[in-house]
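Student: The sequence shown maps to residues 16 to 150 in the numbering used here. Glycine is no exception: its CB is placed at the ideal position from the N, C-alpha and C atoms. Sharing a structure, written as structure tokens. Questions coming.
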Amino acid sequence: MAEDEFVQAKRAGTFYEEVEYVSGHRYGTLEREVSRILGTGRSCVLEVETQGARAVKSRESSAVTIFIASPTFEELERRLTERATESAGEIGERLALARCQMDEAPDFDFVVVNDSIERAAEELVAIVGRETKTG
16 MAEDEFVQAK
26 RAGTFYEEVE
36 YVSGHRYGTL
46 EREVSRILGT
56 GRSCVLEVET
66 QGARAVKSRE
76 SSAVTIFIAS
86 PTFEELERRL
96 TERATESAGE
106 IGERLALARC
116 QMDEAPDFDF
126 VVVNDSIERA
136 AEELVAIVGR
146 ETKTG
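Written as structure tokens, this is what we have:
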């Protein structure tokens, strides 16, 4: 979505949640998509950052929040650097934001430590299964 379209959509209230993220990037979840999924009787799983999770929880108190945490801050830094998809400045911004977000983990219903992709994925599947009564 182009910047002007995003601003218009935000003004029109078409987002379920939205946030301006690192380096001016904007993200949002369209209300109509959440409604469409929920309208089928299914659960809707959103991948959002902490600000978006708070917005969702304030709209829907029964929403279940899961914080995905790196095992250590140093490991997060290593992963971002090795991925090499962002400039050093963007990585610095992401790390500064991550420090703040890590402090928010206790506010979430669950915290999953991504120390092993397989183990973390299994834990996520188990939580989602329990919380959506599909497991």
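#1: Opposite T44 in the DSSP bridges: which residues?
#2: Starting from A84, follow the alpha helix (DSSP H) in both directions and report where the run begins and ends.
#3: Do you know offhand how far H40's Cα is from A136's?
#4: Given 8 Å as the limit, is there contact between the region 68 to 87 and the region 26 to 35, that is, 3 or more CB pairs closer than that?
#5: How would you label A103, buried or exposed, when you count the other beta carbons within 10 angstroms and need 16 or more for buried?
#6: How long is the line joining the alpha carbons of V22 and I106, rounded to whole angstroms?
Tutor: The relevant details are as follows:
#1: Numbered from its first residue, the sequence shown carries residue 44 at position 29. E32.
#2: As a working note, residue 84 is residue 69 in the sequence shown. A84 -> not in any alpha helix (DSSP H); beta strand (DSSP E) instead, spanning I81 to A84.
#3: In the sequence shown, residue 40 corresponds to position 25, counting from 1. In the sequence shown, residue 136 corresponds to position 121, counting from 1. One C-alpha to the other measures close to 27 Å.
#4: The answer is yes - the region 26 to 35 touches the region 68 to 87, with three or more Cβ pairs under 8 Å.
#5: Sequence index remark: in the sequence shown, residue 103 carries index 88 (1-based). Taking all protein chains in view, the Cβ of A103 is surrounded by fewer than 16 other Cβ atoms within 10 Å, so the residue is classified as exposed.
#6: Residue numbering aside, residue 22 sits at position 7 when the sequence shown is read from its first letter. Residue numbering aside, residue 106 sits at position 91 when the sequence shown is read from its first letter. So the two alpha carbons sit approximately 26 Å from each other.
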